[in-house]
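Residue numbers (my numbering), protein chains in the order written: chain A, 14 to 364; chain B, 409 to 922.
All residues carry an ideal CB built from backbone N, CA and C; glycine is no exception.
What follows is a single structure, written as structure tokens, with notes after it.
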Amino acid sequence: MTAVQTPSVDAPVDGPGGSKLGSTIKRVIASNPSVLPTVAAIVIFIGMVIYGEVAYGRIVQYNTLSNLLINNAHLIILAAGMTFVILTGGIDLSVGSVIAFSSVAGVMLANAGWNPWVVIVLMILIGTVFGLASGILIQYFNVQPFIATLAMMFLGRGLASLLSTQPERLADDSQLLWLGEQFKLIDGEKVNDVVITPGVIIAFVVVLVAFFVLHRTRTGRTVYAIGGSESSSALMGLAVPRTKILVYVISGTLSGIAAVVYTSRLGIAQNITGIGWELDAIAATVIGGTLLTGGYGYVLGSVVGALVLGLMNVLITRDGGIPPEMTTIITGGILLVFVLLQRAVTSKRQT
Amino acid sequence: MIKTDASARPVVEMTGITVEIDGTTVLHDVGLRLFAGEIHALMGGNGAGKSSLVKALTGAYRIDAGEVRIAGEPVSLAGPAEAEGAGVAAAFQDVDLCGNLSIAENVMIGHEERRWYGISWGATRRRAEAVLDELGLGDLDPRLAVHELPPAMQQLVAIARAMVTHPKVLVLDEPTSSLDADEVATLFRALRRLREHGVAILFVSHFLEQVYAISDRITVLRDGRGQGEYPTRELDRVVLISKMIGKDLAELRRIGSERRAHRADPTGAPVYRAVGVGRRGEFEATDFELHRGEVVGLGGLRGSGRSEFGQLLAGVARRDSGTIEIDGRTVALPNPAAALRHRIAFASEDRRDGGIIEELSVRDNIVLALQAMRGWARPISRAERDGLVDRFMESLAIVAPGPEAPARRLSGGNQQKVLLARWLATRPHVLVLDEPTRGVDIGAKVEIQARIAKMARDGVAVVFISSELDEVVRLSDRIAILKDRRKIGEVSNGPGLSVDTIIEMIAADDDDDA
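Now the structure itself:
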């Protein structure tokens, strides 16, 4: 990453290690300009970290960065799922309400004395079923992804409200809370520790599996191919209908997992949980360099995108002078700047 | 050349194939036999059912009646994957690749080399390289994204993709329609090598000379019915054409002779005059004149700037130098709409990207430009529109289920005619036609050429662009010869002028440079 920042592009190939890495990156970018937006997202994330450290201090330290991961684990999981959908040229608006329904149902079942493992599996399956429904609507009933998942979004929100309209609190001794428990990895000075939760580990695993599926399996490559040209993919004999349903199933399932991770961290679920999170996930994916029309993008970019959004919230809190109401405006502004920046960078490279 | 004897069993035997699409029977009781180690040409006009037969063989269309046997076994082909499993691979006419993926990945997708850690990109790339090398594309970097390749290379990559599974049968639907002579030669070398390896190749093409150069046998279709199977060497070209279109070549010859009889040296003031029109990097500043009722051909090889020059003349591309005069008055022509108001129309080369809107009906496609010219606030009356559409569908013999049918359901030649009708409906004074006959069969070519000749008789000034020089020579009164993005000269047409003359002029210009 340092090599990305170093402007020493003229370094000889047989120079020291750093410039070798630099020239490797240069070669990768030259042969594959589609990584540029993602590289730009990384550079800007680093820029935000540096700015935060200089302006407010206490950003580049163990506990801040640990909390960034802990507080955004669910968003990272959502963004990973959204990446699959957007890579095919689709969209999934239902993820926020799926989380609401899944977490309210989960908390109520856990409090009713159900086995926590069964509850977790059910919470995830709720997401799977929603994703499957969207996928079937889109593939076999030819409904636009926007409309199909919008319907699922209303359905999920409605079902969550049917279950309960007030905050449902997990019992203090619920085993579900273990997933949100913080484990100290490195004990720093005072509270400056490296901490991790099982939720963060789940997010890591999700991202690794997503990366593997997208880049090392035929299913993953079919996702990219559909985003490039759906009709060509079908003529090439690829499993287009199956894959198109699968991406919504993946997105739904990951929403279920995100619901588990989020609920276990907060211990509270409510029917209004997750309003607008589908847009956060889409924003994270786009900031991370995935093209909304499909075909180009990386799941690791979406992780960076989610961290950019999370870090922005941290910086706004640190600043103190910015009213919290401004958060969405700033998110919108950053999104716009990112998209314009990416466009500028890519068009410059292509000419 | 033909290694098979009549007693050998065919690899593919299709008998009594009948296919219905939306209630229209597109194939009636058609048969096709392919033998190992032969190149078999499938010939027929637009709408004859070539593409339908190909789609039936590759599993894209469901077969309503009839039987397909592969290596003697009856098979049911429910989709491209099943066809591939049965040993039938295909590369389609409209290059079907994913532009966002690399060459290697397009070649190998669905057949990637897998290890315990998933896809091995190194091994996958090496296999792609081996297949590309077999086709003579060894120097292509398989890591490049496909959208960066010119259409011709994309076509070859599509064929490479079809070869990955080592199919028994390779189906090529119009593989050469976007290739130039060198690339065709490369492709043919690859096809001959595949034939030696015992692959049965079905070659669908409009290009008569290519079919005679490469094929061993020919099956002819017309109006969805088989017209017989012939060894290529025993089938005379004139006989073949008459079987394809049900008419003879007399019509084509008549157009040529009529044009020559009609031809007159331009007199009076030009209706259109371009002075020093050009665009940096696209086309050198050039003077150009058009008179009423004149067909001026742009003759040149691929890459000579034919389309670019046509677009500059029609005001579709922005010129950065020069002025354009119409009837002696200088006009600005900043955009295509302004050009249309001055009755200058441009029909694009690419009927998919720049022309036909596939989702709109034939009727809407035809009136589109006329409506745009009048402005949306003044809609065309229904009676006027229907009259117009009926007239053009009849006079251009557009074969469509009806004016309501979406344009995508029409064959390529008929789409081209719809495009022509669109610009004719605006009653242009100057019409620039970029490859109006590209990818259409000889029957439709004849009709389109006849129509262009008639327009000229009616007083329209036509700029005619075609990659087929014989067409340019047949139709044009005058030919502007282009080379390397500039005009190297103009010749008046006459009995002494032939395709060879033009090629000589282009070649001679080379000598001057040297």
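If the criterion is Cβ atoms closer than 9 Å, does the pair residue i and residue j meet it?
i: R749 (chain B); j: H837 (chain B); result: no
i: N80 (chain A); j: V208 (chain A); result: yes
i: Y680 (chain B); j: E716 (chain B); result: no
i: L543 (chain B); j: A568 (chain B); result: yes
i: V565 (chain B); j: L599 (chain B); result: no
i: R859 (chain B); j: L804 (chain B); result: yes
i: V111 (chain A); j: M61 (chain A); result: no
i: Y75 (chain A); j: D186 (chain A); result: no
i: L925 (chain B); j: V870 (chain B); result: This structure cannot settle anything about residue 925 (chain B), because the visible part of chain B is limited to 409 through 922.
i: V826 (chain B); j: I774 (chain B); result: yes
i: V462 (chain B); j: A498 (chain B); result: yes
i: L890 (chain B); j: I911 (chain B); result: no
i: L578 (chain B); j: A570 (chain B); result: yes
i: R726 (chain B); j: R751 (chain B); result: no
Among the options, which has the Cα closest to the Cα of residue i?
i: V226 (chain A); options: A:N76, A:V73 and A:L100; result: A:L100
i: R626 (chain B); options: B:V848, B:R786, B:V724 and B:R441; result: The question names Arg, but residue 626 (chain B) in the sequence shown is Ile. Checking every option, the nearest Cα to that of I626 (chain B) belongs to B:R441.
i: L305 (chain A); options: A:A271, A:V352 and A:G333; result: A:V352
i: S277 (chain A); options: A:T51, A:S268, A:R331 and A:L183; result: A:L183
i: G457 (chain B); options: B:R882, B:A444 and B:T433; result: B:T433
i: Y275 (chain A); options: A:L150, A:L82, A:G60 and A:S147; result: A:L82
i: A416 (chain B); options: B:A499, B:V438 and B:E446; result: B:E446
i: S246 (chain A); options: B:C506, B:N901 and B:R782; result: B:C506
i: P742 (chain B); options: B:A755, B:G763 and B:L720; result: B:L720
i: R645 (chain B); options: B:V483, B:L616, B:E767 and B:A785; result: B:L616
i: F97 (chain A); options: A:G148, A:Q188, A:L172 and A:G250; result: A:G148
i: I270 (chain A); options: A:A92, A:A53 and A:I57; result: A:A92
i: L190 (chain A); options: A:I57, A:I258, A:P129 and A:Q152; result: A:P129
i: G453 (chain B); options: B:L557, B:A494, B:L548 and B:E582; result: B:E582
i: I59 (chain A); options: A:F217, A:V299, A:E243 and A:L322; result: A:L322
Assign residue i to one of three DSSP states: helix, strand, or coil.
i: I764 (chain B); result: coil
i: M249 (chain A); result: coil
i: I914 (chain B); result: helix
i: F696 (chain B); result: strand
i: I335 (chain A); result: coil
i: G30 (chain A); result: Any reading at G30 (chain A) needs caution, since the residue's pLDDT is 42, under 50, leaving its predicted position unreliable; the model's value is listed next. Reduced to three states, the DSSP call for G30 (chain A) is helix.
i: H228 (chain A); result: helix
i: T635 (chain B); result: Sequence check: residue 635 (chain B) is Gln here, not Thr. Correct three-state label for Q635 (chain B): strand.
i: Y680 (chain B); result: strand
i: I896 (chain B); result: strand
i: P787 (chain B); result: coil
i: H436 (chain B); result: strand
i: S21 (chain A); result: Interpretation of S21 (chain A) is limited by its pLDDT of 37, a score under 50 that renders its predicted location unreliable; no figure is taken from the coordinates.
i: H555 (chain B); result: helix
i: A538 (chain B); result: helix
i: D842 (chain B); result: strand
i: D590 (chain B); result: helix
i: R234 (chain A); result: helix
i: E390 (chain A); result: Given that chain A is displayed from residue 14 to residue 364, the structure contains no residue 390 (chain A) and the question cannot be resolved.
i: A272 (chain A); result: helix
i: G301 (chain A); result: coil
i: R417 (chain B); result: coil
i: F351 (chain A); result: helix
i: F500 (chain B); result: coil
i: G730 (chain B); result: strand
**Prompt:** Going along the chain, which residues of the region 524 to 538 of chain B sit with their C-beta nearer than 8 Å to a C-beta in chain A?
**Reply:** For the region 524 to 538 of chain B, which is checked against every Cβ of chain A, the residues closer than 8 Å are Y525, G526 and I527.
| message | When you compare the region 222 to 237 of chain A with the region 469 to 480 of chain B, are there three or more beta-carbon pairs, one atom per stretch, that lie closer than 8 Å? | response | Pairwise C-beta distances place the region 222 to 237 of chain A out of contact with the region 469 to 480 of chain B, as fewer than three of them are shorter than 8 Å.
Members of the region 560 to 590 of chain B that neighbour chain A once the beta carbon cut-off is set at 8 Å: Only those residues of the region 560 to 590 of chain B whose C-beta falls short of 8 Å from the nearest C-beta of chain A are listed: R569.
**Q.** Contact list for the region 214 to 245 of chain A against chain B, Cβ threshold 8 Å
**A.** Identification of residues in the region 214 to 245 of chain A having a C-beta nearer than 8 Å to some C-beta of chain B yields F225, H228, R229, T230, R231, R234, T235, Y237, A238, G240, G241, S242, S244 and S245, given in sequence order.
Listed in chain order, which residues of the region 294 to 324 of chain A have Cβ atoms closer than 9 Å to some Cβ of chain B? For the region 294 to 324 of chain A, the set of positions with a beta-carbon nearer than 9 Å to some beta-carbon of chain B reads L304, G307, G308 and Y309 in chain order.
Can you find at least 3 beta carbon pairs, one from the region 423 to 437 of chain B and one from the region 822 to 842 of chain B, that sit closer than 8 Å? Counting Cβ pairs under 8 Å, fewer than three are found: no touch.
(request) Decide yes or no for the touch test of the region 177 to 194 of chain A against the region 205 to 222 of chain A: beta carbon pairs closer than 8 Å, at least 3 of them. (result) When Cβ pairs closer than 8 Å are counted between the two stretches, the region 177 to 194 of chain A is seen to touch the region 205 to 222 of chain A, the count reaching three or more.
query: When the Cβ atoms of the region 168 to 188 of chain A are set against those of the region 282 to 293 of chain A, are three or more pairs found closer than 8 Å?
result: Under the 8 Å Cβ criterion, the region 168 to 188 of chain A counts as touching the region 282 to 293 of chain A, having at least three qualifying pairs.
At least three beta-carbon pairs within less than 8 Å, the region 64 to 77 of chain A to the region 291 to 299 of chain A: These segments do not touch.
* Between the region 547 to 564 of chain B and the region 820 to 828 of chain B, are three or more C-beta pairs nearer than 8 Å? -> Output reads no: the region 820 to 828 of chain B does not touch the region 547 to 564 of chain B.
- Could you name the residues of the region 485 to 506 of chain B whose beta carbon sits closer than 7 Å to any beta carbon of chain A, in the order they occur along the chain? The residues in question are P488, A489, E492, F500, D504, L505 and C506.
Check: Got a sec: which bits of the region 244 to 261 of chain A sit with their beta carbon under 8 Å from any beta carbon on chain B, in order along the chain?
Finding: Hits within the stretch, in order: S244, S245, S246, A247, L248, M249, G250, L251 and A252.
Listed from N- to C-terminal order along the chain, which residues in the region 513 to 524 of chain B have their beta-carbon within a distance smaller than 7 Å of any beta-carbon of chain A?
Listed in sequence order: E513, I517, G518 and E520.
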